[in-house]
Amino acid sequence: MANNDEHTPLLQSGDTEHGSLLSNNTLTNHGSSLANVDHDSTQLNTGQILMGRNFDRSPSVEKVHQIALSWKDINVSVRVPSKRKWCRSNDSVEPTKQVLKDISGIVHPGSLLAIMGASGAGKSTLLNVLTHRNTKSYVFSGDIRLNGWNVGDGIKNVSAYVQQDDLFIDTLTVREQLQFRALLRMDRRLDKSARLARVEEVIIELGLTNCADTRIGTPGGGKKGISGGERKRLSFASEALTNPPIFFCDEPTSGLDTFMAQNLVHTLQEMAEKGRTILCTIHQPSSDLFALFNKILLLSEGRTVFLGSPDGAIEFFERHNYPCPKNYNPADHFIFTLAVIPGQEEECRRKTQVLCDKFATGTDANSIAWETENLIKTACDNKNDPLLDEVVTGESRYKASWLTQYRYLFWRSWISVYRDVVLFRIRIMQAFVLGVVLGLVYLQLTVDQKGVMNINGAIFLLITNTSFSNMFGVVNSFPHELAIFLREYGTGLYRADVYYFTKSIAELPVFCAITILYTTVTYWMMGLYASWDAFLIATGVLLLTANVAVSLGYLLATLCASVTVALAIAPPILIPFMLFGGLFVNNGNIPVYFIWLQALSWFRYANEVLMVNQWQNVHNITCHLQESNATNENIRKECMYTTGDDVLEYTSFSKDNVVLDIGLMVALIVGFRAFSLLFLIVRARRSKE
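Residue numbers (UniProt numbering): 1 to 689.
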């Protein structure tokens with residue numbers, strides 16, 4: 001698909017040229033303003049201007065609350081893994097490394113703040129602390145306030161966090177992705193039509209009109225879809241639905257070319273102009289991109305070097321003998337000045353230490369402290385702030401009921417499974433071709449002495465292939481979607497149990513259809529017991545087998561951190577179950593210390609039911625020696641089986657265990673599913689810490 005960014009630019013090509021000229025002039029004359037770009041010179045799309053004017057008065061969403069974010073004396077240390085963790089005493093203190101030191105600052109509504117610094121300066125750490133996300137390994141202290149009110153986790157309720165990686169269900173369209181989030185995330189007091197109207201507003205505001213009905217796709221994954229710039233704008237659109245007053249953005253321009261990056265930041269600039277407070281970590285912005293930010297925060301070695309306007313930063317560095325050269329990108333100048341160069345560490349740290357101390361004792365830092373205190377005093381006088389209920393309580397509430405979550409999650413899971421036509425066809429063809437190949441290998445088996453071994457092997461192979469194909473199908477696919485689940489769960493979009501139930505139910509028909517096709521092809525080609533009742537029983541048993549394998553696949557996928565780990569441990573888990581399935585080791589000869597492993601082997605239960613199903617009605621097994629003049633002694637030696645009961649007796653299988661076997665397979669399904677749900681919930685809750 002063509003890059004749709006070319007068709008819906010938020011900046012026209014002429015505007016980009018003008019922006020470049022403006023930046024060059026600014027770079028040449030440091031006295032001119034970098035922060036106050038002449039917006040009249042930027043020829044925006046007319047529809048976008050109209051939407052911008054009407055946005056705050058939309059009937060489907062409340063006006064943007066204006067919030068000032070302040071932080072004071074933020075200190076963060078991270079735990080350093082000890083090299084002597086096995087012999088460390090209980091009284092020893094876990095070593096830590098301080099990564100943020102006495103960081104203070106304030107950002108007002110309408111600000112578009114760029115958090116900048118060299119690698120390791122503490123940009124991402126500060127963003128995590130301010131958003132109360134990914135702080136499990138941190139030991140931190142400090143004061144974070146919204147409009148002067150002290151907040152904790154409640155900041156999540158009034159802010160949006162746009163992460164660096166754009167994660168979506170690739171089979172959904174842009175509009176469907178936004179509708180799904182609107183129906184689950186927006187205030188339940190709004191009716192459905194208002195929420196869908198809000199979706200259309202956001203599509204226009206974020207410049208997604210031309211790709212609204214295009215599937216999202218997978219970048220570099222073989223599924224064509226929207227472009228990288230459109231994916232990033234979709235990430236912002238997904239968060240903008242609830243009209244949050246604060247946006248935190250982690251490297252929003254990462255992976256985008258210059259035009260797309262400028263396009264995106266210009267969109268953020270428009271959003272900030274409507275009263276939002278936007279903070280972005282950003283890495284090496286171009287001069288044009290840098291000119292779009294009206295406030296910057298420079299960090300070095302975990303300390304604040306500067307917080308204020310871009311012009312103020314240029315003057316600050318020039319005042320302390322680090323002037324920005326003419327025709328040079330100020331952003332690059334700041335980063336290079338603050339970088340710790342290998343071999344010159346002491347000199348570089350001394351330089352940044354001086355700059356940090358100068359800022360901390362200067363008028364800018366004093367002004368920040370005064371503004372912060374003034375906000376606190378104002379908050380004490382205004383105890384009727386409508387945001388208090390959401391912010392101060394720190395509660396994370398689901399906006400949709402359990403049934404509503406189930407309804408829309410099931411809709412999305414169903415689309416995710418059945419729109420992937422290529423994968424579905426591949427799995428169908430795989431089952432059919434494999435069934436035909438096995439059917440040809442075991443074509444129309446004869447019921448004689450040699451045929452008994454062939455039939456028993458064919459039955460066990462049916463169980464093995466059904467188990468392996470279904471389990472590895474889940475292990476290969478489910479972890480990829482887990483990343484999306486963990487992110488959406490972290491934002492309070494839906495419950496973990498609802499996601500698990502809808503995912504399981506939506507995929508069930510696929511696993512069943514493939515198993516039925518595979519069984520139908522192989523059963524009749526192999527020439528197993530020719531009875532419709534026997535065929536239906538065999539199909540039912542293999543369906544149970546498939547579900548046990550799928551359940552174990554979910555368990556491994558939720559337990560393991562990645563697909564690689566899950567694939568690595570799956571064979572060592574499957575093979576012992578297979579060994580005690582009744583083919584390789586006779587059930588009467590299982591060592592007592594492995595009885596517990598046999599009890600968990602669905603191979604054994606499925607094999608016993610299928611063997612009984614095959615042999616219980618066979619009353620004569622051909623033996624060619626009986627037709628010759630062989631002695632009775634030779635006949636007894638060579639003709640081991642005369643009826644199907646002899647086969648069952650030799651393999652230590654019993655007709656009396658059929659109902660128990662089926663019940664135990666159902667119990668394994670329930671047990672594996674229950675544990676996988678438990679691990680999913682634990683993993684989801686840990687990801688929020």
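The beta-carbon is built from N, C-alpha and C at its ideal position, and this holds for glycine as well.
Quick caveat, the model's predicted, so the values are computed rather than measured.
Worksheet item: Who are the near neighbours of Ile681 in its chain, counting only those whose CB is closer than 6 Å to its CB and skipping five residues on each side?
Response: So the list reads Ala496, once near-sequence residues are dropped.
Item to complete: Could you tell me whether the stretch 461-480 touches the stretch 540-557, using the rule of 3 or more Cβ pairs below 8 Å?
Response: yes
Worksheet item: Going straight from the alpha carbon of Gly553 to that of Ile573, what length do you get?
Response: 11 Å
Worksheet item: Opposite Phe247 in the DSSP bridges: which residues?
Response: Ala160, Ile278
Worksheet item: Shortest alpha-carbon distance to Lys72 belongs to which of Arg79, Gln66, Ser254, Val107?
Response: Per the Cα distances, Val107.
Worksheet item: Looking only at C-alpha atoms, which of Val475, Glu301, Ile296, Tyr499 sits nearest to Phe485?
Response: Tyr499
Worksheet item: What is the DSSP secondary structure of Gly142, counted as helix, strand or coil?
Response: strand
Practice prompt. Thinking Thr643 and Asn620 are a contact (beta carbons under 8 Å), I'd like their distance in whole angstroms, please.
Written response: 7 Å
Fill in: Sufficient close CB pairs (3 or more, under 8 Å) joining the stretch 233-249 to the stretch 175-182
yes
Fill in: Contacts around Cys560, its chain only, beta-carbon distance under 8 Å, and the 5 residues preceding and following it disregarded
Contacts found: Pro479, Ala566, Ile569.
Practice prompt. Within the same chain, show all residues whose beta-carbon is closer than 6 Å to that of Asn24, passing over the 5 residues directly before and after it, in chain order.
Written response: Confidence at Asn24 is low in this model, with a pLDDT of 36, below 50, so its placement is unreliable and the value that follows should be read with caution. Cβ within range, chain order: n/a, list empty.
Discussion item. For Ala291, count the other beta carbons within 10 Å of its own beta carbon; 16 or more makes it buried, fewer makes it exposed. Which is it?
Written reply: buried
Discussion item. By the DSSP assignment, the alpha helix (DSSP H) with Thr131 in it spans what residues?
Written reply: 123-131
Worksheet item: The alpha helix (DSSP H) spanning Thr515 covers which residue range?
Response: 496-526
Discussion item. Let's test the definition: count the other Cβ atoms within 10 Å of the Cβ of Met51 and tell me whether it reaches 16, buried, or not, exposed.
Written reply: Caution applies to Met51, whose pLDDT of 33 falls short of 50 and renders its modelled position unreliable; the value that the coordinates give is listed next. It is buried - the Cβ of Met51 has at least 16 other Cβ atoms within 10 Å.
Practice prompt. Could you check how far apart the C-beta atoms of Ile74 and Ile115 are, in whole angstroms? I think they sit under 8 Å.
Written response: That pair is no contact at about 13 Å.
Practice prompt. Would you list the one or two residues that DSSP bridges to Gly308?
Written response: Ile296
Worksheet item: Taking the alpha carbon of Leu440 as the point to measure from, which residue in Gly527, Ser367, Asn476 has its own alpha carbon closest?
Response: Gly527
Fill in: Alpha carbon of Tyr442 to alpha carbon of Pro571, nearest angstrom
26 Å
Practice prompt. Starting from the C-beta of Phe140, find all residues in its chain whose C-beta is less than 8 Å away, skip the five residues before and the five after it, and write them out in chain order.
Written response: Ile74, Asn75, Val76, Ser77, Leu100, Val129
Worksheet item: Can you tell me whether Arg303 is buried or exposed, with buried defined as 16 or more other CB within 10 angstroms of its CB?
Response: buried
Discussion item. Counting C-beta neighbours from all protein chains within 10 Å, is the total for Tyr593 16 or more, i.e. buried, or is it exposed?
Written reply: exposed
Worksheet item: Grouping DSSP H, G and I as helix and E and B as strand, with all else coil, what is Ser23?
Response: Interpretation of Ser23 is limited by its pLDDT of 36, a score under 50 that renders its predicted location unreliable; the figure taken from the coordinates is listed afterwards. Helix at Ser23.
Worksheet item: Could you give the residue range of the beta strand (DSSP E) that holds Val612?
Response: Val612 -> not in any beta strand (DSSP E); alpha helix (DSSP H) instead, spanning 602-615.
Worksheet item: DSSP on Pro59, reduced to helix/strand/coil?
Response: Interpretation of Pro59 is limited by its pLDDT of 46, a score under 50 that renders its predicted location unreliable; the figure taken from the coordinates is listed afterwards. DSSP places Pro59 in coil when its eight states are reduced to three.
Fill in: DSSP state of Asn465 mapped onto helix, strand, coil
helix
Worksheet item: What's the gap between the Cα of Ala261 and the Cα of Ala272?
Response: 16 Å
Worksheet item: Taking just the CA atoms, how far does Asn210 sit from Phe577?
Response: 53 Å
Worksheet entry | Residue range of the unbroken alpha helix (DSSP H) whose run includes Thr96 | Per DSSP, Thr96 belongs to no alpha helix (DSSP H); it is in the beta strand (DSSP E), 96-107.
Worksheet entry | Bridge partners - Lys72, DSSP secondary structure assignment | Partner(s): Asp143.
Worksheet item: Is there contact here, the stretch 520-540 with the stretch 648-657, by at least three beta-carbon pairs under 8 Å?
Response: Touching, no.
Item to complete: Report yes if the C-beta distance between Asn294 and Gly105 is below 9 Å; otherwise report no.
Response: no
Worksheet item: Taking Cβ positions, are Phe247 and Ile203 nearer each other than 9 Å?
Response: Cβ distance not < 9 Å, so Phe247 and Ile203 don't count as in contact.
Fill in: Where the alpha helix (DSSP H) containing Leu256 begins and where it ends
No residue range can be given for Leu256, since it is assigned to no alpha helix (DSSP H) and is classified by DSSP as neither H nor E.
Discussion item. Using 8 Å as the cut-off, can you tell me whether the stretch 305-321 makes contact with the stretch 348-359, which would need three or more C-beta pairs spanning the two stretches below that distance?
Written reply: yes
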